[in-house]
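Written out below as structure tokens is the structure these notes cover.
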Amino acid sequence: MLPPAGTPNQGEADCTQMLEVRGLRAGYGEVDVLRGVDLDVRPGELVALVGANGAGKSTLLKCISGLLPPTAGTIRLGGESIAGAPPARIVRLGVAHVPEGRQVFGRLSVADNLLLGAYGRLRQLTRAEVAARIEEVCRTFPALSGRLADEASLLSGGQQQMLAIARGLMARPRLLLLDEPSLGLAPVLVAEIFEVLRRLRRAGVGLLLVEQNARLSLAIADRGYVLETGRGVLSGSGTQLLRAPEVIHRYLGVAATRVDAPDGVTAGLTERLRSVLGGGPGRTAGGGRRTIPETAGGDPR
């Protein structure tokens, strides 16, 4: 059983965009990384960010979660401005960020790592409610249920990734930001994690995914955005982007129907995850610099 999605504020934004980013600019010191990014995420939608290393994908997630203040532009969650807000406030509003590299607290127990995920709400929760949330995320990730007293450093890489996601779910987010959740994991663990994402999406949680495997992320996404040097240059449904020649040449390397891993691992995993996530046609795209138009057959031209 997954924790329910957060209750959105009332208003038009809830029916269209849960997250709305417009003209976002940000960087580190004098180095500009984001140069005017537009992006939307709707409730119950999985949106993929595609781009080379250094394109600004992780920086965008940090701006949304409050870890990095933008220098210009707007970020709205359910119609409420969160640009430059403290991370603790953004968490309370329903955003959880699962960073690249898991970043669990290795010397703390699994249970304590989970408690930190609910830290911003602990004053509003009884002990019984906190225990119920831990029980919920352990049902979501059964591998954690018998390891609550163990130090997080003793978990396998896959279990640490599960812990990182479970920690984010302790806050019962309505928007989940995921940075490279499959990095370094075996295909069977990737499938397990993306099955959880499917259930979160079904529960109405919005998902913004940065994933090293562009083919995999686009195959399971409702929509996607391509970032290049801090700018959104292309947007469309996951299927449209997967078939777009410029995406194939720059990020897939080969025709989208071919396999880039031994024994068909990538293709088989992609097909499995696509069926698991219900990969229907993407919703109307928006926000990118160029949106791929649809033909009668759905192929980009």
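Under the UniProt record's numbering, the first residue of the sequence shown carries the number 1, and numbering increases by one thereafter.
Just so you know, even glycine gets a beta-carbon here, dropped at the ideal spot from N, CA and C.
Because the structure is a prediction, the values reported are computed rather than measured.
In whole angstroms, give me the CA-to-CA distance for Q159 and D222. When only Cα atoms are considered, Q159 and D222 end up about 27 Å apart.
Quick one: measure Cβ to Cβ for V137 and L169, integer angstroms, because I've assumed they're closer than 8 Å. Here V137 really is in contact with L169; their C-beta atoms are around 5 Å apart, less than 8 Å.
Is L24 near G36, with beta carbons less than 8 Å apart? L24 places its beta carbon less than 8 Å from that of G36.
For the alpha helix (DSSP H) holding L197, just list the boundary residues, first then last. For L197, the enclosing alpha helix (DSSP H) starts and ends at 187-202.
Assuming L208 contacts L61 under a Cβ cut-off of 8 Å, what Cβ separation, rounded to an integer in Å, is found between them? The pair is a contact, with the Cβ atoms about 7 Å apart (cut-off 8 Å).
Identify, in the order they occur along the chain, each residue of the same chain with its Cβ nearer than 6 Å to the Cβ of I134, setting aside the five sequence neighbours on each side. Only L114 meet the Cβ criterion.
Under 8 Å: do the stretch 139-154 and the stretch 66-76 share three or more Cβ pairs, one atom per stretch? Contact between the stretch 139-154 and the stretch 66-76 is absent, because fewer than three Cβ pairs lie under 8 Å.
Can you list, in chain order, the residues of its chain whose CB lies under 6 Å from that of G56, leaving out five sequence neighbours each side? Contacts found: V33, L34, L227, G230.
According to DSSP, what are the bridge partners of G36? Note: G36 sits in no beta bridge, so no partner.
Residue span of the beta strand (DSSP E) that contains L209, given as start and end: Start and end: 206-210.
Roughly how many angstroms lie between the CA atoms of R107 and S156, to the nearest whole one? Distance between the alpha carbons of R107 and S156: 14 Å.
Tell me the DSSP bridge mates of V226? Checking the DSSP bridge columns, you'll see V226 partnered with V50, L234.
Give the range of the alpha helix (DSSP H) segment to which R127 is assigned. Per DSSP, R127 belongs to the alpha helix (DSSP H) from 127-140.
Whose C-beta lies closer than 7 Å to the C-beta of A143 among residues of the same chain, with five residues either side of it excluded? Only Q159, M162 meet the Cβ criterion.
DSSP beta-bridge partners of H97: H97 pairs with L177.
Taking Q103 and A164 to be in contact with their CB atoms under 8 Å, please state how far apart those CB atoms are, rounded to whole angstroms. Q103 to A164, Cβ: 7 Å. Contact.
For my contact list, G238 and A214 are in at a C-beta cut-off of 8 Å; report their separation, rounded to the angstrom. Beta-carbon to beta-carbon, G238 and A214 are separated by about 10 Å, too far to satisfy the 8 Å threshold.
Measuring CB to CB, does L175 end up less than 8 Å from V95? If you check the CB distance, L175 and V95 come in under 8 Å.
Considering only heavy atoms of the ligand PLP, does any lie closer than 7 Å to the CB of G79? For the structure depicted, the ligand PLP is absent and the ligand set is empty, with no information on it obtainable.
What's the gap between the Cα of E195 and the Cα of Y28? E195 and Y28 have their C-alpha atoms roughly 35 Å apart.
Thinking C-beta only, is G78 closer than 8 Å to R201? Taking 8 Å as the Cβ cut-off, R201 and G78 do not qualify as a contacting pair.
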